[in-house]
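2 protein chains.
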Amino acid sequence: MELISHTLVMGRLNSSTAFYGSKVPQAMKVATFNANSMRVRLPIILDWIGREAPDILFLQETKVQDKDFPVNAVEEAGYHAVFRGQKSYNGVAILSKSPLDDVKTQLSVEGVDEARFVSGRIGDIHVINAYVPQGFEAGSDKFRFKLAWLEHLLGYITANYDPSSQLLVAGDFNVALTDMDLYDPDGFRGEVGFHPDEQAMIEGFFNWGLVDIFRKHIREGNQYTFWDYRIPSGFKRNMGWRIDYILGTASQAERSRSVWIDREARAMEKPSDHTFLVVEFD
Amino acid sequence: MELISHTLVMGRLNSSTAFYGSKVPQAMKVATFNANSMRVRLPIILDWIGREAPDILFLQETKVQDKDFPVNAVEEAGYHAVFRGQKSYNGVAILSKSPLDDVKTQLSVEGVDEARFVSGRIGDIHVINAYVPQGFEAGSDKFRFKLAWLEHLLGYITANYDPSSQLLVAGDFNVALTDMDLYDPDGFRGEVGFHPDEQAMIEGFFNWGLVDIFRKHIREGNQYTFWDYRIPSGFKRNMGWRIDYILGTASQAERSRSVWIDREARAMEKPSDHTFLVVEFD
DNA sequence: GTGAGCTCAG
DNA sequence: CTGAGCTCAC
Numbered sequence: 031m032e033l034i035s036h037t038l039v040m041g042r043l044n045s046s047t048a049f050y051g052s053k054v055p056q057a058m059k060v061a062t063f064n065a066n067s068m069r070v071r072l073p074i075i076l077d078w079i080g081r082e083a084p085d086i087l088f089l090q091e092t093k094v095q096d097k098d099f100p101v102n103a104v105e106e107a108g109y110h111a112v113f114r115g116q117k118s119y120n121g122v123a124i125l126s127k128s129p130l131d132d133v134k135t136q137l138s139v140e141g142v143d144e145a146r147f148v149s150g151r152i153g154d155i156h157v158i159n160a161y162v163p164q165g166f167e168a169g170s171d172k173f174r175f176k177l178a179w180l181e182h183l184l185g186y187i188t189a190n191y192d193p194s195s196q197l198l199v200a201g202d203f204n205v206a207l208t209d210m211d212l213y214d215p216d217g218f219r220g221e222v223g224f225h226p227d228e229q230a231m232i233e234g235f236f237n238w239g240l241v242d243i244f245r246k247h248i249r250e251g252n253q254y255t256f257w258d259y260r261i262p263s264g265f266k267r268n269m270g271w272r273i274d275y276i277l278g279t280a281s282q283a284e285r286s287r288s289v290w291i292d293r294e295a296r297a298m299e300k301p302s303d304h305t306f307l308v309v310e311f312d
Numbered sequence: 031m032e033l034i035s036h037t038l039v040m041g042r043l044n045s046s047t048a049f050y051g052s053k054v055p056q057a058m059k060v061a062t063f064n065a066n067s068m069r070v071r072l073p074i075i076l077d078w079i080g081r082e083a084p085d086i087l088f089l090q091e092t093k094v095q096d097k098d099f100p101v102n103a104v105e106e107a108g109y110h111a112v113f114r115g116q117k118s119y120n121g122v123a124i125l126s127k128s129p130l131d132d133v134k135t136q137l138s139v140e141g142v143d144e145a146r147f148v149s150g151r152i153g154d155i156h157v158i159n160a161y162v163p164q165g166f167e168a169g170s171d172k173f174r175f176k177l178a179w180l181e182h183l184l185g186y187i188t189a190n191y192d193p194s195s196q197l198l199v200a201g202d203f204n205v206a207l208t209d210m211d212l213y214d215p216d217g218f219r220g221e222v223g224f225h226p227d228e229q230a231m232i233e234g235f236f237n238w239g240l241v242d243i244f245r246k247h248i249r250e251g252n253q254y255t256f257w258d259y260r261i262p263s264g265f266k267r268n269m270g271w272r273i274d275y276i277l278g279t280a281s282q283a284e285r286s287r288s289v290w291i292d293r294e295a296r297a298m299e300k301p302s303d304h305t306f307l308v309v310e311f312d
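Those sequence lines, one after another, are chains A and B.
The first sequence maps to residues 31 to 312 in our numbering.
The second sequence maps to residues 31 to 312 in our numbering.
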């Protein structure tokens, strides 16, 4: 499908198109993936979008400066790309079949302007891609920055969007929410990534009106999107964390039909430590 | 073919073999290759020995410590390996169909014991593999060390071998001898790699009785074994140097039938900056 | 330009 | 364990 984009509504659409001027949403597929290097994972990403044809793919940890972002390869695959990167760390991108409007790539927190945020709009669908700071260690400065960044993001959302709007917030939140969401809850309770202060921040997103679309559909545990490279055979032993999310306002949660985690992408050459989380909408 | 090895002469050969106890040399193929990393070039090397089936392959710049040398892969390809490596730099190895006897891996010069030398014997054929220091810059300490190392190698040869013996000395000498042997002789005259002092040292090897087997067979220029990575399209433009050699005593030069440089190996994935130099013997 | 190995971060 | 980017050497 193609989303009805702003430019189309503005009049460039020819009269034979069914949904001209309509606000009726169309089926779409959305995915998020912490690539852990756009350049290293480019073959996996091109293969994946070739096979799965998502309408929108949110990418985190692209670890590539804008001048080196592989725009051509992405465009040859039939996608538009918006991105903001920096040297070595962080970096986010949104690939989409239809171009993104109203693009924003900055969310400065405490004067720190890391490449962790991209937002935009495709037709009536508003999208935010977030790469939440990892936080290093509970109680550390980096941990406090993580909480501040989450608070700032939520503040930005409440100030700029309405719970009744069509909004998706996807990305790597670096927080597991419940005992179902990581392989050793007792071992990590109170540690970074599984700390009550982080979880309370995420609850704030829910309280505002965002829904964890994966959890709406799937109630089982042991469903992870991240496996630490440092744990020997961690993927095979499924010692992972569910820390990547696709959140949606009520309207989006409502029209979400199915959700799945692509464990196959981990069988490819040079897998990332994360994998693809996918939501399909009616 | 299989060379008549020491162990065979010692009695393990069955009586149907033609050359039992004989000193008559058999046809063999010998090659030298500066791998510039044994680990990175392993696919190229395995492919090459699989296709070309050399009896002996001399390798330089293996850049791998002995504990990490890919012995298994080499043995699975049907070769014995002797090697001496160090971290990051230098490193030499000899792969051979028949095992090498009387292996020596040390040639300490001025107290510096870098991994630049392996010698051994297969039957009556004595072999030396040398990775001569690059020399940095004419007149530098490293340049003087290069000359000292060459002098020491020649002294070692004259002290331990006889010009009438069957001796091969192969490797990367990091010296071009004449204007035919590099792409810009006037540009590099007197520079490291094309300096009269280095050339005089190599002449010493010839004066003792070693023959540059390539040059015995091929009189043309523009025949190179090394192309500096840093020169844009240097290989395509054939801006190279002939600095790798297979030298032999008179008896070996005599029975050398043909010599060639394998430019095809440079078309493979991740080519080295050097390529294979090959001599076939009757 | 390329490889090794180091530091930093995850 | 993995990636980036740095230094070093060639």
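Ideal Cβ placement from N, Cα and C applies to all residues, glycine included.
Ordered along the chain, which non-local residues of its own chain (more than five positions away) have a Cβ less than 6 Å from that of residue i?
i: A/Gly165; result: Lys172, Phe173, Lys176 and Val222
i: A/His110; result: Ser126 and Pro129
i: A/Gly251; result: Met210
i: B/Asn44; result: Any reading at B/Asn44 is ruled out, since the residue's pLDDT is 39, under 50, leaving its predicted position unreliable.
i: B/Thr135; result: Arg114 and Val148
Would you decide whether residue i is buried or exposed? Buried here means 16 or more other CB atoms lie within 10 Å of its CB.
i: B/Ala145; result: buried
i: A/Val101; result: exposed
i: A/Tyr275; result: buried
i: A/Ser46; result: Here the model assigns A/Ser46 a pLDDT of 39, short of 50, so the residue's position is not dependable, and the following value carries that caveat. It is exposed - the Cβ of A/Ser46 has fewer than 16 other Cβ atoms within 10 Å.
i: B/Ala297; result: exposed
i: B/Gly121; result: buried
i: B/Val157; result: buried
i: B/Phe236; result: exposed
i: A/Arg71; result: buried
i: B/Gly141; result: exposed
Is the beta carbon of residue i within less than 7 Å of some heavy atom of the ligand FMN?
i: B/Leu277; result: Inclusion of the ligand FMN in the displayed structure is not the case, the ligand content being empty and no account of it being possible.
Residue i by DSSP, collapsed to three states: which one?
i: B/Ile86; result: strand
i: A/Arg69; result: helix
i: A/Met231; result: helix
i: A/Val157; result: strand
i: A/Ser281; result: helix
i: A/Gly239; result: coil
i: A/Trp78; result: helix
i: B/Phe311; result: strand
i: B/Leu125; result: strand
i: B/Trp271; result: strand
i: B/Val104; result: helix
i: B/Arg146; result: coil
i: B/Trp290; result: strand
i: B/Asn64; result: strand
i: B/Met298; result: coil
i: B/Lys172; result: helix
i: B/Leu177; result: helix
i: B/Ile152; result: strand
i: A/Leu183; result: helix
i: A/Gln95; result: coil
Taking the alpha carbon of residue i as the point to measure from, which residue in the options has its own alpha carbon closest?
i: B/Ala295; options: B/Gly80, B/Met58 and B/Leu180; result: B/Gly80
i: A/Phe88; options: A/Leu198, A/Ala297 and A/Glu233; result: A/Leu198
i: A/Val299; options: A/Leu277, A/Lys117, A/Thr305 and A/Pro73; result: It should be noted that the sequence gives Glu, not Val, for residue 299 of chain A. Measuring from the Cα of A/Glu299, the nearest candidate turns out to be A/Pro73.
i: A/Gly169; options: A/Pro226, A/Val308 and A/Ala200; result: A/Pro226
i: A/Phe311; options: A/Phe99, A/His304, A/Phe218 and A/Arg287; result: A/Arg287
i: A/Phe113; options: A/Asn159, A/Leu76, A/Pro84 and A/Val142; result: A/Asn159
i: B/Val162; options: B/Asp154, B/Gln229 and B/Asp202; result: B/Asp202
i: A/Leu207; options: A/Gln253, A/Arg272, A/Gly264 and A/Arg249; result: A/Arg272
i: B/Lys97; options: B/Thr188, B/His304 and B/Met68; result: B/Met68
i: B/Lys93; options: B/Glu284, B/Ser118, B/Gly264 and B/Ser302; result: B/Ser118
i: B/Gly153; options: B/Ser195, B/Lys266 and B/Arg293; result: B/Ser195
i: A/Ile86; options: A/Lys59, A/Ala103 and A/Val142; result: A/Lys59
i: B/Pro193; options: B/Phe218, B/Gly234 and B/Glu228; result: B/Gly234
By Cβ distance below 8 Å, which residues in the same chain neighbour residue i in space, the five residues on each side in sequence not counted?
i: B/Met269; result: Tyr213, Asp214, Trp257, Asp258 and Ile261
i: A/Met231; result: Leu177, Leu180, Glu181, Leu184 and Val205
Keeping to the same chain, check which residues put their C-beta closer than 7 Å to that of residue i; ignore five residues upstream and five downstream.
i: B/Leu307; result: Ala61, Thr62, Phe244, Thr255, Asp274, Ile276 and Ile291
i: A/Asp132; result: Gly150 and Arg151
i: A/Val325; result: Here chain A has residues from 31 to 312 only, and residue 325 of chain A is not among them.
i: A/Tyr186; result: Leu137
Round the Cβ separation of residue i and residue j to the nearest angstrom and send it over; I've been treating them as touching at under 8 Å.
i: B/Gly239; j: B/Ala200; result: B/Gly239 to B/Ala200, Cβ: 16 Å. No contact.
i: A/Gly115; j: A/Gln95; result: 5 Å
i: A/Ala123; j: A/Val148; result: 7 Å
i: B/Ala83; j: B/Ile75; result: Incorrect: roughly 13 Å between the Cβ atoms, too far for contact.
i: A/Val241; j: A/Ala189; result: At roughly 20 Å, the Cβ-Cβ gap does not stay under 8 Å, so A/Val241 and A/Ala189 are not in contact.
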